[in-house]
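Colleague: Below you'll find the structure I mean.
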Amino acid sequence: MDQARISIVVPAHNEAESLPVLRQSLAEALRGHDDHEIIIVDDGSRDDTLALLRKFAEDDSRLRYISLSRNFGHQCALKAGLDAATGDCVITMDADLQHPPRYIADMIARWREGYEVVNMIRRDEGAPFFKRVTSKLFYRFINAISDFEIRPGAADFRLLDKRVVDALCSMEERTVFLRGTLPWLGFKQCDIEYAPERRAGGTSKYDLRRMALLALDGITSSSTRPLRLSTILGVVLAGMASLYATYALILKVVVGTAISGWASLLIGIMIFGGIQLLMLGIIGEYLGKVLLEVKGRPTYVVREQSGTENVSPVARLQARLHDSRAV
Ligand code: UDP
Ligand code: MG
Numbered sequence: 363m364d365q366a367r368i369s370i371v372v373p374a375h376n377e378a379e380s381l382p383v384l385r386q387s388l389a390e391a392l393r394g395h396d397d398h399e400i401i402i403v404d405d406g407s408r409d410d411t412l413a414l415l416r417k418f419a420e421d422d423s424r425l426r427y428i429s430l431s432r433n434f435g436h437q438c439a440l441k442a443g444l445d446a447a448t449g450d451c452v453i454t455m456d457a458d459l460q461h462p463p464r465y466i467a468d469m470i471a472r473w474r475e476g477y478e479v480v481n482m483i484r485r486d487e488g489a490p491f492f493k494r495v496t497s498k499l500f501y502r503f504i505n506a507i508s509d510f511e512i513r514p515g516a517a518d519f520r521l522l523d524k525r526v527v528d529a530l531c532s533m534e535e536r537t538v539f540l541r542g543t544l545p546w547l548g549f550k551q552c553d554i555e556y557a558p559e560r561r562a563g564g565t566s567k568y569d570l571r572r573m574a575l576l577a578l579d580g581i582t583s584s585s586t587r588p589l590r591l592s593t594i595l596g597v598v599l600a601g602m603a604s605l606y607a608t609y610a611l612i613l614k615v616v617v618g619t620a621i622s623g624w625a626s627l628l629i630g631i632m633i634f635g636g637i638q639l640l641m642l643g644i645i646g647e648y649l650g651k652v653l654l655e656v657k658g659r660p661t662y663v664v665r666e667q668s669g670t671e672n673v674s675p676v677a678r679l680q681a682r683l684h685d686s687r688a689v
């Protein structure tokens with residue numbers, strides 16, 4: 363009935379409680395799309411996630427799993443799923459059903475209209491206050507200092523055409539931040555609004571600390587603007603300092619009074635010291651990123667997976683690249 367092959371990619375970290383419900387709703391949503399595959403990436407879970415996935419894969423050959431050797435994080439798990447996907451389009455969604463599978467039909471309809479990226483934009487009314495405020499601040503901040511506009515409410519719930527997935531997989535970046543990379547890639551994009559749902563079970567893995575780390579990673583991997591900040595601040599402060607020096611000199615020579623006070627001196631030293639350390643820190647962040655890229659370690663390490671005979675050409679190519687680097 364339907365010719366296109368559809369891949370669903372779901373990262374899962376300690377999601378044993380949600381997975382049975384997810385499987386059920388995916389089965390309902392994919393009725394009529396017989397040629398599909400569901401790839402669930404176990405991102406170093408410590409609960410029964412892997413045992414469940416093994417059982418699911420035994421029951422249904424269209425459900426595959428990839429189990430990573432440790433917790434690599436949401437973005438890396440997504441990348442692992444994208445590398446393995448073989449569909450004509452790939453839909454990524456969370457395991458906790460906050461990204462409701464019932465929207466899959468709409469997403470596929472937009473894709474058939476010719477859109478290569480279908481972004482799902484969250485309507486935020488239902489989200490907890492804390493999450494709403496932090497996510498708003500996060501996007502405002504990241505957009506202020508990055509080169510591409512990242513849409514608020516855009517989580518990693520989207521459909522990607524095969525061409526976009528291939529382009530993504532051919533990028534040899536270690537730091538994955540899809541929300542920053544996709545606007546850079548371009549392609550024909552469109553949005554669908556959706557109402558998020560409550561978690562099906564378990565708890566959120568993103569506390570304030572992890573969100574802040576994700577933000578930092580996102581900024582330093584998608585933009586070099588913060589580096590320019592030190593140049594601008596340096597010029598502004600040096601300008602102000604020379605104005606002040608001229609003023610002090612004129613006062614001494616013309617009026618004959620020297621400006622006194624170590625408080626202003628101390629404040630000056632502290633402000634400048636702080637700014638210098640901040641700028642050093644920013645440079646350090648980028649240097650760290652460069653180190654990670656230069657080392658060329660893989661983004662994730664697979665410990666175990668089902669259906670190895672069905673590996674995508676990109677994943678095979680990547681595996682070969684990694685092998686040749688190791689020699
Ligand atoms: N996740 C993951 N690795 C992690 C953290 C989260 O694969 O280290 C998965 C998680 O299982 C879920 C998705 O990423 O499917 C989003 O995580 P979560 O629901 O905890 O985030 P929130 O919806 O609260 O932002
Ligand atoms: Mg969630």
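So the sequence shown is numbered by our numbering: it starts at 363 and just counts up by one. Heads up, the beta-carbon is just placed ideally off N, CA and C, and yes, glycines get one too. Bear in mind the structure is a predicted one, so any value in this text is a computation, not a measurement.
1. Is the beta carbon of residue 402 closer than 9 Å to that of residue 336?
2. Determine the DSSP secondary structure at residue 390, reduced to helix, strand or coil.
3. Are residue 437 and residue 519 close, meaning C-beta to C-beta below 9 Å?
4. Have a look at residue 533 and residue 650 and give me their C-alpha separation to the nearest angstrom.
5. For residue 443 and chain B, any beta-carbon pair shorter than 9 Å?
6. When you compare each of 626, 466, 592 and 551 to residue 643 by their alpha carbons, which one comes out closest?
7. Report buried or exposed for residue 671, applying the criterion of at least 16 other Cβ atoms within 10 angstroms of its Cβ.
8. CA-CA distance, residue 633 and residue 537?
9. Run through the DSSP bridge pairs and tell me what residue 398 is partnered with.
10. Is it the case that the Cβ atoms of residue 374 and residue 411 are separated by a distance below 9 Å?
11. With hydrogens ignored, establish whether the beta-carbon of residue 409 is closer than 8 Å to any heavy atom of the ligand NAD.
12. Here's the rule I'm using: 16 or more other beta-carbon atoms within 10 Å means buried, otherwise exposed. How should residue 550 be labelled?
13. For residue 517 and residue 456, I'd like the C-alpha separation in whole angstroms.
14. Can you give the beta carbon distance from residue 501 to residue 482, rounded, assuming they're within the 8 Å contact cut?
15. Any idea what DSSP makes of residue 584, helix, strand or coil?
16. By Cβ distance, which residues of its chain are closer than 6 Å to residue 521, with the 5 residues on each side in sequence left out?
17. Can you tell me which of the three DSSP states residue 554 falls into?
18. In three-state DSSP terms, what is residue 429?
19. Which residues does DSSP list as the beta-bridge partners of residue 522?
20. Considering only DSSP beta bridges, list what residue 373 is partnered with.
21. Sort 448, 435, 577 and 378 by Cα distance to residue 398 and report the nearest one.
22. Counting only the same chain and skipping the five closest in sequence on each side, list residues whose C-beta sits under 6 Å from that of residue 662.
23. Applying the criterion that 16 or more other CB atoms from any shown protein chain within 10 Å of the CB defines a buried residue, is residue 372 buried or exposed?
Modeller: By the coordinates alone:
1. Residue coverage of the chain in this structure runs from 363 to 689, which leaves residue 336 outside it and unanswerable.
2. Annotated three-state conformation of residue 390 is helix, per DSSP.
3. Contact: no.
4. Going from the Cα of residue 533 to the Cα of residue 650 covers about 19 Å.
5. Within the model displayed, chain B is absent; a lone protein chain is all it includes.
6. Among 626, 466, 592 and 551, the Cα nearest to that of residue 643 is on 592.
7. Because residue 671 sits at a pLDDT of 47, beneath the cut-off of 50, its placement in the model cannot be relied upon, and the point is left open.
8. Their backbone Cα atoms lie some 33 Å apart in a straight line.
9. In the DSSP output, where bridge partners are listed per residue, residue 398 has 368.
10. Residue 374 places its beta carbon less than 9 Å from that of residue 411.
11. Of the ligands one can find in the structure shown, namely the ligand UDP and the ligand MG, none is the ligand NAD.
12. Residue 550 should be labelled exposed.
13. Approximately 9 Å, taken between the alpha carbons.
14. The C-beta distance from residue 501 to residue 482 rounds to 15 Å, too long to fall under 8 Å, and the pair is not in contact.
15. Reduced to three states, the DSSP call for residue 584 is helix.
16. Result list for residue 521: 451, 453, 469, 473 and 480, in chain order.
17. In the structure shown, residue 554 sits in a strand (DSSP, three-state: E or B).
18. If DSSP states are grouped into helix, strand and coil, residue 429 belongs with the strands.
19. In the DSSP output, where bridge partners are listed per residue, residue 522 has 452 and 479.
20. Residue pairing of residue 373 in beta bridges, as defined by DSSP: 403.
21. For the residues 448, 435, 577 and 378, the minimum Cα distance to residue 398 belongs to 448.
22. Spatial neighbours of residue 662 in its own chain (CB-CB distance under 6 Å, excluding positions within 5 residues in sequence) are listed in chain order as 430, 434, 438 and 442.
23. By the 10 Å Cβ count, residue 372 comes out buried.
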